[in-house]
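Chains as they are written, first to last, in my numbering: chain H, 27 to 753; chain L, 27 to 753.
Note that CB positions come from ideal geometry on N, CA and C, so glycine has one too.
Some notes on the structure that comes next.
This is the structure:
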């Protein structure tokens, strides 16, 4: 390229750049998109419904009095919901103005923005003191950022309609002060804006999007590269840090869902405004990878409950944004079209119409839910989430880093889904989002005292203390480590991980495998939990099952007229002790029924093992907890101890047809044959007389491990061995 | 008609009669039906699936070894399920033989019947002693009757295939002994066969159907007219007695569903074999009326939980039988076609194919769920069930007779459904049908100690004793009485009923209205419960709500570290006391959230009123109970006392979209203005400043009652008054 060509290119780029920068609408909707949407009206019912929904919101808004109330209430309260509703109305009206050209819509946005421009300069910090980063319109700045993300889109849509005087007023009295407040409003906001955290993503997206909308390069650059514009913080740095190389967001899928919204929305805006940044190609296409990973982190369309989490489905608008924008910017990712179909809703934007059109084609293939190992950490070296799947059975295994402020203390915990139901359950978070009487809609205190604590999870608690003693600062320094994982064989999916820091002088290793054999109706779980210590400890190992207990092979002393709690702290104060049992057999079995299927845990035990039946719901003065039952193994005085269990879905309980089949587990016994630093060998026998041998490596070494069984030397391959054996 | 004509007619009738009697198949399937089914193959997917399902069962049976085990297990156990499975296999094979002509199917039925013919004569009473009427193949004779109903159809289908010798063997050693056993096997069976009870219906249907199949008029006549053939008992007498004139079955909808199966099946057989009996016209078409009533006794396709009841939907095969046969025999009843569509399954019979064809037509109209008063008692004078419905809100009100052995002690109890959820709940029965480890699949002991007791229901318990002291013999002598009911105005649906016998010297009256006013988002319930007594009593008035408590206007002393039971007997031993509250206000409010909607009870109280929060699940050594929460009003020392409550569904809690609207009830207060033997007047005020006056008559008299409000005389019309008022 000669100097002339270079100059020309720069000039062209500059022209293109400034042209894109100045164009309205140009954030989520562009003139080309508007044209496309109009042309295809009536063709794609899901998209038409989305437009109709926006139209309904906008038309309702036109017929209502504009109210911009003095901020007062927390989440779920009147002023909170009103300000939220207002941005949805402006957003809808902005879009409808673009689609119809009706000035009433644009005037509505203008009028409301002017009211905000009058109110905003008068506001101090929000009176509901429940956050370390209070907002002005809302109880926390986070909601202010969300407000601005939406309002930026509305402003962009009606920008050319508003008079220069009005624009100046609105920008000067509302948008600039708000951008300043979000990015620098008080020391805490500055920190959040420059933090590697989903609140930081919302903050940078908000400031960046209003920057683009107003054509202010300074705000945009701060948003992209941090307050100091040095790239050490800001949106692009977040892309480096907040996702692992597998597209896993360290806070967990629930917050991945929430963070993906500003990530994808802002990225789409960047792509429209500064295509030269190639934001969707950044870090090997990390954003689209994150969307696919998010979609994988679900069972039956419901996002996994890992760390703080409430019920969320594919129908949430944030996942609709994510799927549409991901597809639009990587049309090769056709797997998402099946998800778009299930959503059957779209964003009214360039991305939405493109996705709707593609999803309407006949050749859309079903999305493939795969077994996956999702590494945690920016470099992928901070443990992992494992997802084992076969047919309709799915098991999650958590061996990650802490997950920031929303992390739970549950290293090596599992959850099990089967038959479209939650079978072994993660409690999730204790929060009634947006219900004002419930602690302002915020996480309740039981979220910390119960939901975050180790005993609330399907993993081992030592000496009634949570992992890292429930101290986030300590926990955040560490992560579990994968020992190995192998999901290459659909019939034998295995993950093994270690946690050496959760307790002093106690190390833990869990190996969980999803095994499919012809002898058993459904895939079963082999679960080996090794605890190592030089001294004696009490080990509590709960299984939070959903459903109704059917039977056990042990007798239970049930507390029928009085209940007491299992303990007084670290979550134990929230568990009622319903009963205790013991068995003199080598295995305890516990069967429950969930929906139309039975489940049995068959677990090795000894004369010391206590079998506890507990239920959450104690220590709950404000009626915030759910009552959920638990089958808990307690090993009261254990140094080195290995729990070995098989969890089997079985049979049929059809109450409608009144048919019951195989209410008894097909598993006859589990035995621990060998257990040392090298490897663990177990044997599982079934009632039909089959025997299975399973061995797993307990340490990584280059040599091939082996063991002797029935005078035969058996070697592990890829760290494990699994086979049916004669006896 | 001259003598010749008469003779000819009689001869023709006789010929027709005997021809029908002798024809095979002739029970549920006839040669005409077979032809029709073949002709329409591939036309009606729901019907094709039903045929495919029968074919699958039959083909699987052909490829399995016939096993007729020695009876041993209770419900859900191996031998129980095997004998059950066997009759389904014979039934399917019989039908498939008719549809395909393949001899393998017929041979299978023959072979299995021969095995039964060998086994049956060797059997004594069933070893699992859990019933007063033990069977031989099954733990209770009831299941033996069900076996025979199905097997009769199979036998009828393959009758012409089986050799005369084999028929003789099978009839002599199996069917005759079984018919004899069912109708007369031991004194208890004789009583059941001649009893006005659903077990009697199964018994007569079984004996009658095998009678028709074998061409034995004696058995048929016994079935139709009772053992003595005098018409004082038997199937036809059951039609007189077991349904009320409104087609309500006295045991309740759950057993109506179960009883409708032999009723409709046997009736279809009678219609095919003895059309001159005009069985479907009998008692003004009581059978078809009963089917329509059954379908009405459901919310969102799920049968109401009144008396002993488990989950049952329209998808149950018995309701498929009922709908198909009802439609076939009264094609004017096109309302059922919408139900048939929802079922999307059919019986493979003449009735099934006729219904499938009609349901496939384009002009099928939605079934109309109506507010209904369903009188109880053969004459319709033993109280009633009231069903109040508006939009998606539905309330049931029980003021009936006891309901035989499956009746609960819950006079004047209500249940509420809204938004496709159960909101105020009837616990139903404690039973794990067909799960052997759960008391053999039978009703567990908690069914009596808890589910039947008054305190388990949304009605008043006096002095911690159940209605009629939980004594069925006493309870069966009485019934509640409707005072009046008016569902003619969709916006003001009212039922008022009295119960004067449940307690000595205490009478109760409940008036419940489903009110729709423009001021409130959804229909609301006005509920007035009057208790009258000359002496002081403790009144407990529970509301078993489903969902999570949100808030109350009273403070609660919550038991956070220890739970005790509310009492020691009459169901109280099954309730944990979670907390107690009091208020110094005139109203207590209690709000909970269920799914995406809020519900608030606003109830009048005084300084004595205790507000209890309880939960079922205590006193349950075998883990048979569910944990269900309750908001309970306790009036500790009351003579005459009137509870006045408004129950309001309100707002929106959309966790997916994160939108919360109106979590506060719109009801500001409820006031009792006047309350005497003549009438009760209440006033309900809303937060938007509206006031509503509601008055209801407390006694029937010819004069028009009136009361004075704000110096104005207001007269009741049709026993009530409802209007918005100025203040």
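Notebook entry, point to check: If we ignore side chains and look at the alpha-carbon of each, how far apart do residue 337 of chain H and residue 676 of chain H end up?
Noted result: To locate residue 337 of chain H, count along the first chain from 1; it is residue 311. To locate residue 676 of chain H, count along the first chain from 1; it is residue 650. Taking the straight line from one Cα to the other gives about 27 Å.
Next item on the list: Have a look at residue 488 of chain L and residue 535 of chain L and give me their C-alpha separation to the nearest angstrom.
Entry: Working through the second chain from its first residue, we reach residue 488 of chain L at position 462. Working through the second chain from its first residue, we reach residue 535 of chain L at position 509. Approximately 13 Å, taken between the alpha carbons.
Notebook entry, point to check: Roughly how far, in whole angstroms, is the beta-carbon of residue 349 of chain L from the beta-carbon of residue 317 of chain L, given that I think they are within contact range, below 8 Å?
Noted result: Here the question's residue 349 of chain L lines up with position 323 in the second chain. Here the question's residue 317 of chain L lines up with position 291 in the second chain. At roughly 7 Å, the Cβ-Cβ gap stays under 8 Å, so residue 349 of chain L and residue 317 of chain L are in contact.
Notebook entry, point to check: Excluding five sequence neighbours on each side, which residues of the same chain lie with their C-beta closer than 6 Å to the C-beta of residue 188 of chain H?
Noted result: Mapped onto the first chain, residue 188 of chain H falls at position 162. Answer for residue 188 of chain H: 136, listed in chain order.
Check: Would you say the region 258 to 271 of chain L touches the region 350 to 361 of chain L, given that touching needs at least three Cβ pairs under 8 Å?
Finding: no
Next item on the list: Measure the beta-carbon distance from residue 422 of chain H to residue 413 of chain H and round it to whole angstroms, keeping in mind my assumption that it falls under 8 Å.
Entry: Within the first chain, the letter at position 396 stands for residue 422 of chain H. Within the first chain, the letter at position 387 stands for residue 413 of chain H. Contact holds; Cβ gap of about 6 Å.
Note to self: Beta carbons nearer than 9 Å to chain L: which residues of the region 458 to 485 of chain H have them?
What the structure shows: 458, 459, 460, 461, 462, 463, 464 and 467
Margin query: How far does the alpha helix (DSSP H) with residue 109 of chain L in it extend, from its first residue to its last?
Written below: For the purposes of this step, residue 109 of chain L is taken as the residue at position 83 of the second chain. Element bounds for residue 109 of chain L: 104 to 126.
Next item on the list: Could you please give the first and the last residue of the uninterrupted beta strand (DSSP E) stretch that includes residue 508 of chain L?
Entry: As a first step, residue 508 of chain L must be located in the second chain, where it is residue number 482. It spans 507 to 515 - the beta strand (DSSP E) in which residue 508 of chain L sits, taken as one unbroken run.
Item checked: DSSP-derived helix/strand/coil call for residue 183 of chain L -> Position 157 of the second chain, counting from 1, holds the residue named residue 183 of chain L. Reduced to three states, the DSSP call for residue 183 of chain L is helix.
Next item on the list: Using a Cβ-Cβ cut-off of less than 7 Å, give me the residues of the region 355 to 383 of chain H that come near chain C, in sequence order.
Entry: As a matter of chain content, chain C is missing from the structure shown, whose protein chains are H and L.
Check: Using a Cβ-Cβ cut-off of 7 Å (strictly less than) and excluding sequence neighbours within five positions of residue 325 of chain H, which residues of its own chain qualify?
Finding: For the purposes of this step, residue 325 of chain H is taken as residue 299 along the first chain, with counting starting at 1. Apart from sequence neighbours up to five positions away, the residues of its chain that approach residue 325 of chain H with a beta-carbon distance below 7 Å are 420 and 443, ordered along the chain.
Notebook entry, point to check: Does residue 587 of chain H come within less than 7 Å of chain L when only Cβ atoms are used?
Noted result: As a first step, residue 587 of chain H must be located in the first chain, where it is residue number 561. True, the Cβ-Cβ gap to chain L drops below 7 Å.
Check: Quick one: what does DSSP say residue 653 of chain L is sitting in, helix, strand or coil?
Finding: Start at 1 with the first residue of the second chain, and residue 653 of chain L comes out as number 627. Residue 653 of chain L falls in the coil class under three-state DSSP.
Check: With which residues is residue 487 of chain L paired in a DSSP beta bridge?
Finding: By one-based count along the second chain, residue 487 of chain L stands at place 461. Bridge partners of residue 487 of chain L: L/566.
Notebook entry, point to check: Counting Cβ pairs, one atom from each stretch, are 3 or more of them under 8 Å apart for the region 48 to 62 of chain H and the region 103 to 111 of chain H?
Noted result: no
Check: Within 7 Å (strictly less), CB to CB, does residue 95 of chain H reach chain L?
Finding: Counting from 1 along the first chain, the entry for residue 95 of chain H is found at position 69. Residue 95 of chain H is outside the set of residues whose beta carbon lies under 7 Å from a beta carbon in chain L.
Checklist line | Reduced DSSP secondary structure (H/G/I, E/B, other) of residue 349 of chain L | finding: Indexing the second chain from 1 puts residue 349 of chain L at position 323. The answer is helix: DSSP assigns residue 349 of chain L an H, G or I state.
Checklist line | 8 Å contact criterion, which residue 295 of chain H and residue 235 of chain H should meet: CB distance rounded | finding: On the first chain, position 269 is the one that residue 295 of chain H refers to. On the first chain, position 209 is the one that residue 235 of chain H refers to. Going by Cβ atoms, the distance from residue 295 of chain H to residue 235 of chain H rounds to 5 Å, so yes, they are a contact pair.
Check: Is residue 41 of chain L close to chain H, meaning its C-beta is less than 7 Å from at least one C-beta of that chain?
Finding: Within the second chain, the letter at position 15 stands for residue 41 of chain L. With a pLDDT of only 49 at residue 41 of chain L, under the threshold of 50, the placement of this residue in the model should not be trusted; the figure read from the coordinates follows. It does not; no Cβ of chain H falls within 7 Å.
Note to self: Let me make sure I understand the geometry here. Which of L/59, L/465 and L/238 has the alpha-carbon closest to that of residue 648 of chain L?
What the structure shows: The residue given as residue 648 of chain L occupies position 622 in the second chain. Taking only the C-alpha atoms, the option nearest residue 648 of chain L is L/465.
Checklist line | Through-space distance from residue 697 of chain H to residue 626 of chain H, alpha-carbon basis | finding: Along the first chain, one-based indexing puts residue 626 of chain H at 600. Along the first chain, one-based indexing puts residue 697 of chain H at 671. Roughly 16 Å between the two C-alpha positions.
Item checked: Buried versus exposed, by CB contacts within 10 Å (16 or more), residue 96 of chain H -> As a first step, residue 96 of chain H is located in the first chain; it is residue number 70 there, counting from the start. With fewer than 16 other Cβ atoms within 10 Å, it is exposed.
Check: Quick one: Cα of residue 81 of chain H to Cα of residue 495 of chain H, how far?
Finding: If you number the first chain from 1, residue 81 of chain H lands on position 55. If you number the first chain from 1, residue 495 of chain H lands on position 469. Answer to the nearest angstrom: the Cα atoms are 52 Å apart.
Margin query: Does chain L have any CB closer than 7 Å to the CB of residue 313 of chain H?
Written below: The residue labelled residue 313 of chain H in the question sits at position 287 within the first chain. Not an interface residue.
Next item on the list: State the start and end residues of the unbroken alpha helix (DSSP H) segment that holds residue 189 of chain H.
Entry: As a working note, residue 189 of chain H is residue 163 in the first chain. For residue 189 of chain H, there is no enclosing alpha helix (DSSP H), as DSSP gives it neither H nor E.
Item checked: For residue 548 of chain H, the nearest candidate out of H/588, H/678, H/387 and H/593 (CA to CA) -> Reading the first chain from its first residue, position 522 is the one you call residue 548 of chain H. The option with the nearest alpha carbon to residue 548 of chain H is H/678.
Check: Roughly how many angstroms lie between the CA atoms of residue 525 of chain H and residue 505 of chain H, to the nearest whole one?
Finding: The residue labelled residue 525 of chain H in the question sits at position 499 within the first chain. The residue labelled residue 505 of chain H in the question sits at position 479 within the first chain. Roughly 7 Å between the two C-alpha positions.
Check: In chain order, what residues of the same chain have a beta carbon less than 6 Å from the beta carbon of residue 41 of chain H, not counting five sequence neighbours either side?
Finding: Taking the first chain and counting its residues from 1, one reaches residue 41 of chain H at position 15. In this prediction, residue 41 of chain H has a pLDDT of 49, which is less than 50 and means its spatial position is unreliable; what the coordinates show is noted afterwards. So the list is empty, once near-sequence residues are dropped.
Item checked: Sub-7 Å separation of residue 133 of chain L and residue 51 of chain L beta-carbons -> Mapped onto the second chain, residue 133 of chain L falls at position 107. Mapped onto the second chain, residue 51 of chain L falls at position 25. Cβ atoms of residue 133 of chain L and residue 51 of chain L: not closer than 7 Å.
Check: For the region 60 to 89 of chain H, which residues have a CB atom closer than 7 Å to at least one CB atom of chain L, in sequence order?
Finding: The residues in question: there are none.
Check: Using a Cβ cut-off of 8 Å, which residues of the region 681 to 702 of chain H contact any Cβ in chain L, in chain order?
Finding: Using a CB distance below 8 Å, the part of the region 681 to 702 of chain H facing chain L consists of 681, 682, 683, 684, 685, 686, 687 and 689, ordered along the chain.
Notebook entry, point to check: Under a three-way DSSP split, which group does residue 74 of chain H fall into?
Noted result: By 1-based counting over the first chain, the position of residue 74 of chain H is 48. In the structure shown, residue 74 of chain H sits in a helix (DSSP, three-state: H, G or I).
Check: With a Cβ-Cβ cutoff of 7 Å, do residue 672 of chain L and residue 628 of chain L count as a contact?
Finding: What you label residue 672 of chain L is simply residue 646 of the second chain in a count that begins at 1. What you label residue 628 of chain L is simply residue 602 of the second chain in a count that begins at 1. A contact, by the Cβ cut-off of 7 Å.
Next item on the list: Quick one: which unbroken alpha helix (DSSP H) runs of 4-plus residues sit fully inside the region 352 to 429 of chain H? Chain order, please.
Entry: For the region 352 to 429 of chain H, whole alpha helix (DSSP H) runs of length 4 or above, ordered along the chain, are 361 to 369 and 376 to 385.
Note to self: residue 432 of chain L and residue 281 of chain L - do their beta-carbons sit closer together than 7 Å?
What the structure shows: Here residue 281 of chain L corresponds to residue number 255 of the second chain, with the count starting at 1. Here residue 432 of chain L corresponds to residue number 406 of the second chain, with the count starting at 1. Cβ distance < 7 Å, so residue 281 of chain L and residue 432 of chain L count as in contact.
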